[in-house]
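Chemist: Quick one: the structure is below, and I'll ask about it shortly.
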Amino acid sequence: MSSTSSLHKLDGGNGSSASPLSSTPSSASMLPWSDQFNHNYITDRGVFALKEHKYNGRDSSILYNKVLRPLAIHLVERYVPTWVAPNVLTLVGLAFTIAGFIPIYSHCRAMYEPAPTWMYVWAAFCLFAYQTLDNMDGVQARRTGTSSPFGQLLDHGCDALNATIATATFAVVLQLGHMNAIRLICCTYAVFFMTTWDEYYTGEMHLAVVNGADEGITVVWMLYLATAVIGPEMWDGFWYEGANAGGHIVLYVTFAGAIIACLDALRRVYTRFRRQAQLPMPAHIQGGFSGALLTLFPAAFIIFMALWWICIPVANEYYAPKGNLYVPFGAVGLLFALTVCKLILSHMCRMPYPAFHRPLLLLFLPLINRHLGVRFTGEPYYEEGVAGVVTLLLALAAFGHYVYFATHQITSALQINVLTIPHDKPGSATTV
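Counting in the working numbering, the sequence shown runs from -6 upward without gaps.
What follows is the structure, encoded as structure tokens:
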């Protein structure tokens, strides 16, 4: 349960074999500050490194190796035609997560109401479908010979979006309310970012024997089914004393698991820096372990600002807009996905990862509106729901800008299609 929040998937990266941590020429440089909103997210050196990139991942989960991966291989070989692009499977998986969230969202607007039984069953099915498709896309990529860095970026980017969507759904099923929901989501963010940060510095996506992508997601959709069978009262003192004690226990266990997972990522990266004498770090990684710690700032900033937005009262009043309680989750989730995608792209292009990104400044908007408004006028300058929607739309614009232009750069550099397989690309005859 501790790794519920890590939603990476080894096979989902659409990558191929492992690669050594070879370095690029030392002139590889970080994108200038003025280019953060420019059309170019990859340097010329980055394009060169991108063409040489090979995915390197390892999943030690027994559940994955004995059940989930064989299931994915069986489904791909039996039911997926070779003309289906692996990226289509990735996007369909994300669509299932959204489809599982929409009914819960429409019925539980305060995030603590019980939902009809069929919604729990539907959410369980959609999460299982996402998990399975997340395994299938990498299998299909190797089967068709279309593994690419873009597939890895798309897969991890969808997983980053899913970190918000799936965790918000889980929080509603647990009837946690919006303040505990953001705490649960922040646990997800911490583990997800640390796993990607670990990959950036060690060169390997490592999933432990028990991890969120395998055991974590499986436990969650099984809890959805249990809620459907027993009823939502199972979280409200059915087995434990106290209102919603079951949901809070899950929250505390997830928090403890997140701490353990983050400490393990820190240990792995620290160990990698200690081995520099035997295995030098790539040229784009500079500053030592202390410099690596600075690159944790984007995730720490997002988590801090999200908690401040929702959980810190002003004049003894907590965040309670007249509009939608889910809006802050959307805004924060898009900015989190943006920072994760930039970290993944920096890894694949062997570019330095900046310690700050200007789009994160958008998170100051609702806080300035609320805190300064209450201090100087006695109330927010604008209704909090309006400020939240404006922040959400600007975050969507920043994320959309990145997705469009980064996709264009990558596909142009690699000469690949996004959602189709070229007719002259034969399916791989090797075993998947």
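From the three backbone atoms N, C-alpha and C, an ideal C-beta is built for every residue, glycine too.
Do PRO79 and ALA134 have their C-beta atoms within less than 9 Å of each other?
Modeler: Within the sequence shown, the letter at position 86 stands for residue 79. Within the sequence shown, the letter at position 141 stands for residue 134. Yes. Within cutoff.
Chemist: Which value, in whole angstroms, describes the spacing of the CA atoms of ALA251 and TRP214?
Modeler: As a first step, residue 251 must be located in the sequence shown, where it is residue number 258. As a first step, residue 214 must be located in the sequence shown, where it is residue number 221. The straight-line gap from Cα to Cα measures roughly 19 Å.
Chemist: With DSSP collapsed to three states, give me the class of HIS199.
Modeler: For the purposes of this step, residue 199 is taken as residue 206 along the sequence shown, with counting starting at 1. DSSP places HIS199 in strand when its eight states are reduced to three.
Chemist: Assuming ASP37 is part of the alpha helix (DSSP H), what are its boundary residues?
Modeler: Numbered from 1 along the sequence shown, position 44 holds the residue referred to as residue 37. Taken as a continuous stretch (DSSP letters only), the alpha helix (DSSP H) holding ASP37 covers 37 to 45.
Chemist: Classify SER27: buried if its beta carbon has 16 or more other beta carbons within 10 angstroms, exposed otherwise.
Modeler: As a working note, residue 27 is residue 34 in the sequence shown. For SER27, the predicted structure reports a pLDDT of 36, less than 50, and the residue's modelled location is therefore unreliable. A value from the coordinates is still provided. Result: exposed.
Chemist: Is it the case that the Cβ atoms of ILE409 and GLN145 are separated by a distance below 9 Å?
Modeler: As a working note, residue 409 is residue 416 in the sequence shown. As a working note, residue 145 is residue 152 in the sequence shown. No, these two residues do not count as a Cβ contact at 9 Å.
Chemist: Closest to THR181 by C-alpha separation, out of GLY209, ARG351, GLY138 and VAL165, would be which residue?
Modeler: In the sequence shown, the residue the question calls residue 181 occupies position 188. Ranking GLY209, ARG351, GLY138 and VAL165 by Cα distance to THR181 puts GLY209 first.
Chemist: Are PRO142 and LEU331 close, meaning C-beta to C-beta below 9 Å?
Modeler: If you number the sequence shown from 1, residue 142 lands on position 149. If you number the sequence shown from 1, residue 331 lands on position 338. No, they are not a contact pair.
Chemist: Whose C-beta lies closer than 6 Å to the C-beta of GLU197 among residues of the same chain, with five residues either side of it excluded?
Modeler: On the sequence shown, position 204 is the one that residue 197 refers to. Around GLU197: ASN49.
Chemist: Thinking PHE89 and ALA116 are a contact (beta carbons under 8 Å), I'd like their distance in whole angstroms, please.
Modeler: Working through the sequence shown from its first residue, we reach residue 89 at position 96. Working through the sequence shown from its first residue, we reach residue 116 at position 123. Going by Cβ atoms, the distance from PHE89 to ALA116 rounds to 10 Å, so no, they are not a contact pair.
Chemist: Thinking C-alpha only, which one of CYS179, ALA276 and PRO96 is nearest MET344?
Modeler: The count along the sequence shown starts at 1 and reaches residue 344 at position 351. Cα-wise, what sits closest to MET344 is ALA276.
Chemist: Just checking my contact of ALA391 with PRO415 at CB under 8 Å: how many whole Å lie between their CB atoms?
Modeler: Taking the first residue of the sequence shown as position 1, residue 391 is located at position 398. Taking the first residue of the sequence shown as position 1, residue 415 is located at position 422. That pair is no contact at about 32 Å.
Chemist: In terms of residues, what are the limits of the beta strand (DSSP E) holding ASP52?
Modeler: The residue given as residue 52 occupies position 59 in the sequence shown. Run containing ASP52: 50 to 52, per the beta strand (DSSP E) assignment.
Chemist: Considering only their Cβ atoms, is the gap separating THR125 from LEU430 smaller than 9 Å?
Modeler: Shown here, the chain extends from -6 to 425; a query on residue 430 therefore has no answer.
Chemist: Tell me where the alpha helix (DSSP H) around LEU338 begins and ends.
Modeler: Taking the sequence shown and counting its residues from 1, one reaches residue 338 at position 345. Here the alpha helix (DSSP H) through LEU338 covers 320 to 342.
Chemist: Taking one C-beta from the segment 218 to 225 and one from the segment 286 to 297 each time, how about it: are there three or more such pairs within less than 8 Å?
Modeler: No, they do not touch.
Chemist: Which class does VAL73 belong to by DSSP, given the choice of helix, strand or coil?
Modeler: Residue numbering aside, residue 73 sits at position 80 when the sequence shown is read from its first letter. Three-state DSSP puts VAL73 in coil, outside helix and strand.
Chemist: Who are the near neighbours of ILE91 in its chain, counting only those whose CB is closer than 7 Å to its CB and skipping five residues on each side?
Modeler: For the purposes of this step, residue 91 is identified with residue 98 of the sequence shown, where counting begins at 1. Only ILE158 meet the Cβ criterion.
Chemist: Can you grab the Cα-Cα spacing for the pair ILE175 / ASP191, in whole Å?
Modeler: Position 182 of the sequence shown, counted from the start, is the residue given in the question as residue 175. Position 198 of the sequence shown, counted from the start, is the residue given in the question as residue 191. C-alpha separation (whole angstroms): 24 Å.
Chemist: In this structure, does DSSP put VAL411 in helix, strand or coil?
Modeler: Position 418 of the sequence shown, counted from the first residue, corresponds to residue 411. Three-state result, VAL411: coil.
Chemist: CB of TRP190 to nearest heavy atom of the ligand ZN: below 8 Å?
Modeler: No copy of the ligand ZN appears in this structure; indeed no ligand is present at all.
Chemist: Please return the same chain residues whose Cβ sits closer than 8 Å to the Cβ of PHE437, not counting the five positions on each side in sequence.
Modeler: Any question about residue 437 goes unanswered here, given that the chain covers just -6 to 425.
Chemist: Within this structure, are the beta carbons of LEU385 and ALA324 separated by less than 9 Å?
Modeler: Position 392 of the sequence shown, counting from 1, holds the residue named residue 385. Position 331 of the sequence shown, counting from 1, holds the residue named residue 324. Yes, the pair counts as a contact, with Cβ atoms nearer than the cut-off.
Chemist: Look at the alpha carbon of TRP232 and the alpha carbon of VAL203, and state the distance between them as a whole number of angstroms.
Modeler: For the purposes of this step, residue 232 is taken as the residue at position 239 of the sequence shown. For the purposes of this step, residue 203 is taken as the residue at position 210 of the sequence shown. Since pLDDT at TRP232 reaches only 49, below the 50 mark, its modelled position is unreliable, and no value is offered.
Chemist: Whole alpha helix (DSSP H) runs in the segment 114 to 174 with 4 or more residues, listed along the chain?
Modeler: Segments of the alpha helix (DSSP H) lying fully in the segment 114 to 174: 142 to 166.
Chemist: Just how far apart, CA to CA, sit SER339 and ASN33?
Modeler: Translated into the one-based positions of the sequence shown, residue 339 becomes position 346. Translated into the one-based positions of the sequence shown, residue 33 becomes position 40. Cα-Cα distance, rounded: 13 Å.
Chemist: Given 8 Å as the limit, is there contact between the segment 163 to 173 and the segment 89 to 108, that is, 3 or more CB pairs closer than that?
Modeler: The answer is yes - the segment 89 to 108 touches the segment 163 to 173, with three or more Cβ pairs under 8 Å.
Chemist: I need the DSSP call for ASN58, collapsed to helix, strand or coil.
Modeler: Taking the first residue of the sequence shown as 1, we reach residue 58 at position 65. Three-state result, ASN58: helix.
Chemist: With distance defined between alpha-carbon atoms, name the residue in GLN402, PHE369 and LEU412 nearest to THR36.
Modeler: In the sequence shown, the residue the question calls residue 36 occupies position 43. The residue with the shortest Cα to Cα distance from THR36 is GLN402.
Chemist: Here's the rule I'm using: 16 or more other beta-carbon atoms within 10 Å means buried, otherwise exposed. How should ARG62 be labelled?
Modeler: Numbered from 1 along the sequence shown, position 69 holds the residue referred to as residue 62. Buried is the call here.
Chemist: Report the CB separation of ILE296 from CYS179 in whole angstroms; it is logged as a contact under 8 Å.
Modeler: Position 303 of the sequence shown, counting from 1, holds the residue named residue 296. Position 186 of the sequence shown, counting from 1, holds the residue named residue 179. That pair is a contact at about 5 Å.
Chemist: From what residue to what residue does the alpha helix (DSSP H) around TYR217 run?
Modeler: The sequence position of residue 217 within the sequence shown is 224, counting from 1. Start and end: 210 to 223.
Chemist: Beta-carbon separation of LEU387 and LEU358 under 9 Å?
Modeler: Here residue 387 refers to the residue found at position 394 when the sequence shown is read from its first residue. Here residue 358 refers to the residue found at position 365 when the sequence shown is read from its first residue. Yes, they are a contact pair.
Chemist: What span of residues does the alpha helix (DSSP H) with THR90 cover, start to end?
Modeler: On the sequence shown, position 97 is the one that residue 90 refers to. Looking at the DSSP string, the run of the alpha helix (DSSP H) that includes THR90 is 79 to 100.
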